[in-house]
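Residue numbers (our numbering), protein chains in the order written: chain S, 1 to 106; chain L, 107 to 748; chain E, 749 to 910.
Below is one structure; the comments refer to it alone.
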Amino acid sequence: MVPLVAFQVLSAALFAIGLYGVMARRSAVLIVMSIELMLNAVNINLIAAASHLDGMGKWANFDGQIIAIFIITVAAAEVGLGMAIILRMYRNRSTVNVDEINLMKW
Amino acid sequence: MVWAWLIPVLSFAAVPLIILFGKRLPGKGSPLAILAILAGFAIFWVVFAGFLSASPDTDGCEIGVGTEALTCNFQITWFEAGIPGADTKNHDRIEVAWGMTVDPLTVAMLGLATFVALMVQIYSLGYMHGDPRIDWYYAFHALFIASMLTLVLADNFLLLYVAWELVGLCSYLLIGFWHERPEPREAAKKAFIVTRIGDVGLLVGILLLWSQVGSFSMSETFAAVESGVLSDGVITVSALLLFLGAMGKSAQFPFHVWLPDAMEGPTPVSALIHAATMVAAGVYLVARAFPLFSASDTAMLVVATIGLITALGAATIALVATDLKRILAYSTISHLGLMMLSLGAFGYTAAIFHLLAHGFAKALLFLGAGSVMHSTDELDVREMGGLRKVMPVTAILFSIGALSLGGIPILAGFWSKDEILVAVNKELPVIFIVLTLLTALLSALYMARAMFVVFYGRFAEHFEHVHDAPKTMSITMGLLAVFAIVFGLVALDLPGPFKGIGYFIFYHEGHGLELVAWLAGLSTVLAIVAFVYAYLAYARKSINLEGTRGTFGWALKVAENKYYLDEVYQWTVDRVVLSFSRFIAWVDRALVNDVGINGPGDVTRVLGDRLKYHVTGYVYTYALAMALGLVGLAIFWWLVSR
Amino acid sequence: MSWFLFIILAFFTLAGGLGVVVTRNVVHAALFLLVSLVAVAGLYLILFAEFLALVQVLIYGGAIIIVLLFAIMLTRTAEYPYISDNKQWPLAAVAAAAVGVVLGAAFLDSNIPETSPNSPAFADLANSLFTTWAIPFEVASLVLLVALIGAIIIARTGEDNR
Chain S
1 MVPLVAFQVL SAALFAIGLY GVMARRSAVL IVMSIELMLN AVNINLIAAA
51 SHLDGMGKWA NFDGQIIAIF IITVAAAEVG LGMAIILRMY RNRSTVNVDE
101 INLMKW
Chain L
107 MVWAWLIPVL SFAAVPLIIL FGKRLPGKGS PLAILAILAG FAIFWVVFAG
157 FLSASPDTDG CEIGVGTEAL TCNFQITWFE AGIPGADTKN HDRIEVAWGM
207 TVDPLTVAML GLATFVALMV QIYSLGYMHG DPRIDWYYAF HALFIASMLT
257 LVLADNFLLL YVAWELVGLC SYLLIGFWHE RPEPREAAKK AFIVTRIGDV
307 GLLVGILLLW SQVGSFSMSE TFAAVESGVL SDGVITVSAL LLFLGAMGKS
357 AQFPFHVWLP DAMEGPTPVS ALIHAATMVA AGVYLVARAF PLFSASDTAM
407 LVVATIGLIT ALGAATIALV ATDLKRILAY STISHLGLMM LSLGAFGYTA
457 AIFHLLAHGF AKALLFLGAG SVMHSTDELD VREMGGLRKV MPVTAILFSI
507 GALSLGGIPI LAGFWSKDEI LVAVNKELPV IFIVLTLLTA LLSALYMARA
557 MFVVFYGRFA EHFEHVHDAP KTMSITMGLL AVFAIVFGLV ALDLPGPFKG
607 IGYFIFYHEG HGLELVAWLA GLSTVLAIVA FVYAYLAYAR KSINLEGTRG
657 TFGWALKVAE NKYYLDEVYQ WTVDRVVLSF SRFIAWVDRA LVNDVGINGP
707 GDVTRVLGDR LKYHVTGYVY TYALAMALGL VGLAIFWWLV SR
Chain E
749 MSWFLFIILA FFTLAGGLGV VVTRNVVHAA LFLLVSLVAV AGLYLILFAE
799 FLALVQVLIY GGAIIIVLLF AIMLTRTAEY PYISDNKQWP LAAVAAAAVG
849 VVLGAAFLDS NIPETSPNSP AFADLANSLF TTWAIPFEVA SLVLLVALIG
899 AIIIARTGED NR
């Protein structure tokens, strides 16, 4: 059987990849995609723990799955809003590159 | 007598009225000031009469501590501070009163001040006629006389100090009254600063006394002196500190330099403030604090010595001065020195007597000089001569003042000067009486010189069309002249209850007129010789002065340059004070400002300039910061939990 | 057998993720993301979470990728083929690696007792979702509604509401 640690290390790696995308990409659309990767990393972690740790403590094995469902829901909402914001941004400034948008500067 | 407080208050009340409504009042408010002082003069007589009829049984009156003269006190509490109900002796509480003292000294000063002020203000109607700022002139005048009267009435040192500074302020304002010209401005500043040096001494002295006695009240202070509570050292030091204030105000050497320059003010101001009243405040202070001074031989000797130096030095300068008002100014300094000398010689009565006699005579002389100046616009005595032809009234009145001050018998100055000579002869070493007689001779000589050069001798033709003084001016001068003639007679035991001034103003015990025959004779001879010599030298020109001028050239030069004191002061200020000030300014600019104040500001600004670049405005920078922060926190937590 | 499946799926997951963050083409990135997400759905199956795998494919593979592709299409400009990373990418790589190391170290260090995955009953999941988690469930639907309205308002051209 595949131990829990394998899933956890996998999720850590995926999370790091997503984080790199958030910090390094120029396009806002790509940043949103990277965020999706990070959310998935979290979901892997949750579901792996839920399957392996059934009955430990007060958690049932599907509590993790349910939280993952909520995360997917929020991710959907986030993508919808994020895309709307990106569209608005594109319409106002004709670009979606975050290194061309620095109104928060000193 | 309880109404004495009303005298200054009336004049105080006139000040805001004149300032606020003066422009709309007839005569620009001048009648208001004159009415206030006229009422004050009337009340003075009421107070005087009340005081004469008072006895130690009268409400508020008692035999004064120290002076042993009848003293009446009226006071209301001004303010209290500190722990309520605590003992004032321990400085846990102070209690200061608006207090009025009425004693012979006060009565005498009240009479002099109100009378001369009244005369001068009426005289000013003519002298200042047409001046655009006459309302301010009268407001300052009223403020001055109110302060001066408060000063002489004050029964505690704090109130006295307040009034003391107020008269200094008025003096400054009135010297610089014509501030369009630079000289009055400079003179006003000089007077203010020089007197301030003395005032610091006065304030420190008052506070020293307070710290020892626990009260500002004069009677309590003197009682402490009498009962031996104060140590000799404290008495001497505080007396000398008070004397420092008196030296500044009464223009004693070496603080006399401001008074000649103060002549840049309007002449009536010179007559009132810088001859008769304010400059006498120093003498008054020493007389008022006489129980303190007389308890210290050192202080008395210092007072006498300073007085003598001032009297002699100023007399020599007066002899060679060429500006009529400055001659009178140096004469004033000289006579103030004589008063101090007299006080130092325990001649309490003589000093106050001379203060009064000199006040009347010198006010008269100044008003006469003002009259000359008003008519001729000239003050240099070398340009004048024979003015009695065109202004006979002024000439006669000025001559009366000069003769009186010169010490010609029967006139007021003779009696008072003689009293001083007697006191000096009795109490001080022989060198003092010799130099005092020399001063008396010089005094007669310079008065005679001023009188003969200006009004007698060859007529200066360019004053052909000069006219005499207007009525307001000549009448007031006439009244003052009457006093300059007859005031000396109060020294005599006249028929009636009045037994002479010695039984009215005295220290410890009343005494009659003391005449020492040889002194009186000698001083009379000296005065007459001086006048005759001056007549021959300046009016008839039968004595040629050029030879003397050649022999004593160096001495003349020193005297004409006022002993180079102004130059010494200037050097001191330039080299010592200004260098020190530059150093302080450098400390302020370089250390306090650049390092202390701009330093933190610069650090903040430069730091902000550098650090602002972390706020890039790029979202991913912030994301990076979050990630690094997460790593940092994790490592930190790992280290802590290990 | 499960090890074999896990390695293959993990490979696709990480390869897809790396593709997302390194490719220069946005459309390729979206397709790489799709690969990664579907691989994750496979991982869910190994963990006996069939329902989640289904949801993953439907919502991520279906809805979210479509929305992203629409966004790419609507914001397309000439510079897209040359898109690249911003200037701080080396630092970002270091930071991301550090986060990954920290997380991995934490997991490896956690000493969780070894157990094997088991599968919950489908019906139990539904029961729990609609009883214990009923209120969060409703809140989640409200979140979706608000996000929907917000997206419409933000993305509207806006000329009619001025």
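We put the beta carbon where it would ideally sit given N, CA and C, even for glycine.
So, does the CB of residue 74 of chain S fall closer than 9 Å to a CB anywhere in chain L? Output row for residue 74 of chain S: interface = no.
Beta-carbon neighbours of residue 102 of chain S, restricted to chain L and to distances below 7 Å: What residue 102 of chain S touches in chain L: 722, 723 and 724.
Hey, residue 314 of chain L and residue 335 of chain L: beta-carbon distance below 9 Å or not? In this structure, residue 314 of chain L sits away from residue 335 of chain L, with a CB-CB distance that is not shorter than 9 Å.
Is residue 768 of chain E helix, strand or coil by DSSP? helix
Residues of chain S with CB closer than 8 Å to the CB of residue 733 of chain L, please, in chain order. 19 and 23
Which partner residues of residue 677 of chain L appear in the DSSP bridge assignment? Its beta-bridge partners do not exist; DSSP assigns none.
Please state the DSSP three-state secondary structure of residue 263 of chain L. Three-state result, residue 263 of chain L: helix.
If we define contact as Cβ-Cβ less than 9 Å, is residue 822 of chain E a contact residue for chain L? So, not an interface residue.
Determine whether the Cβ of residue 769 of chain E lies closer than 9 Å to any Cβ atom of chain S. yes
Indicate the three-state DSSP secondary structure (helix, strand or coil) for residue 858 of chain E in the structure shown. Residue 858 of chain E falls in the coil class under three-state DSSP.
With a cut-off of 9 Å, does the C-beta of residue 774 of chain E fall near any C-beta of chain L? no
Any C-beta of chain S sitting closer than 9 Å to the C-beta of residue 807 of chain E? Yes - at least one Cβ of chain S is within 9 Å of the one on residue 807 of chain E.
Less than 9 Å between the beta carbons of residue 865 of chain E and residue 51 of chain S, yes or no? A Cβ-Cβ contact shorter than 9 Å links residue 865 of chain E with residue 51 of chain S.
To the nearest angstrom, how far is it from the Cα of residue 265 of chain L to the Cα of residue 114 of chain L? 13 Å
Where in the stretch 782-869 of chain E do unbroken runs of the alpha helix (DSSP H), each at least 4 residues long, occur, reported from the N-terminal end onward? 798-803, 813-822 and 837-856
Are residue 431 of chain L and residue 383 of chain L touching if we call contact CB-CB under 9 Å? Between residue 431 of chain L and residue 383 of chain L, the C-beta spacing is not below 9 Å.
Hey, out of L/215, L/506 and L/496, whose CA is closest to residue 388 of chain L's CA? L/215
Counting Cβ pairs, one atom from each stretch, are 3 or more of them under 8 Å apart for the stretch 898-905 of chain E and the stretch 74-88 of chain S? yes
Please name the residue in L/492, L/500, L/537 and L/548 whose C-alpha comes closest to that of residue 565 of chain L. L/492
Can you list, in chain order, the residues of its chain with a C-beta nearer than 7 Å to that of residue 37 of chain S? Leave out the 5 residues immediately preceding and following it. 14, 17, 18 and 21
Alpha helix (DSSP H) segments (min. 4 residues) lying fully within the stretch 282-353 of chain L: With a minimum length of 4 residues, the continuous alpha helix (DSSP H) runs that stay inside the stretch 282-353 of chain L are 288-319 and 324-332.
Is residue 702 of chain L buried or exposed, if buried means 16 or more other CB atoms sit within 10 Å of its CB? exposed
Three-state class that DSSP yields for residue 881 of chain E in the structure shown: Residue state for residue 881 of chain E is assigned as coil, using DSSP reduced to three classes.
According to DSSP, residues forming a beta bridge with residue 688 of chain L: Note: residue 688 of chain L sits in no beta bridge, so no partner.
Got a sec, what are the start and stop residues for the beta strand (DSSP E) residue 187 of chain L sits in? Here the beta strand (DSSP E) through residue 187 of chain L covers 176-188.
Between residue 227 of chain L and residue 435 of chain L, what straight-line distance do the alpha-carbon atoms span, to the nearest angstrom? Going from the Cα of residue 227 of chain L to the Cα of residue 435 of chain L covers about 20 Å.
Nonlocal neighbours in the same chain, by C-beta distance under 7 Å from residue 248 of chain L, ignoring five residues either side: Contacts found: 117, 120, 121, 124, 139 and 142.
In terms of residue numbering, what span does the beta strand (DSSP E) encompassing residue 207 of chain L cover? 199-208
DSSP state of residue 748 of chain L mapped onto helix, strand, coil: It is coil, neither helix nor strand.
Short CB-CB distance (under 9 Å) between residue 737 of chain L and chain E: yes
Name the residue from L/661, L/159 and L/567 whose alpha carbon lies nearest to the alpha carbon of residue 489 of chain L. L/567
Bounding residues of the alpha helix (DSSP H) (the contiguous stretch that carries residue 168 of chain L): Run containing residue 168 of chain L: none in the alpha helix (DSSP H); it sits in the beta strand (DSSP E), 167-169.
Does residue 27 of chain S come out as helix, strand or coil in the three-state DSSP assignment? strand
Using the Cα positions of residue 884 of chain E and residue 868 of chain E, report the straight-line distance between them to the nearest angstrom. Going from the Cα of residue 884 of chain E to the Cα of residue 868 of chain E covers about 21 Å.
Whole angstroms is fine: what's the gap from residue 675 of chain L's alpha carbon to residue 292 of chain L's? So the alpha carbons of these two residues sit roughly 15 Å apart.
Helix, strand or coil for residue 237 of chain L, going by three-state DSSP, please let me know. coil
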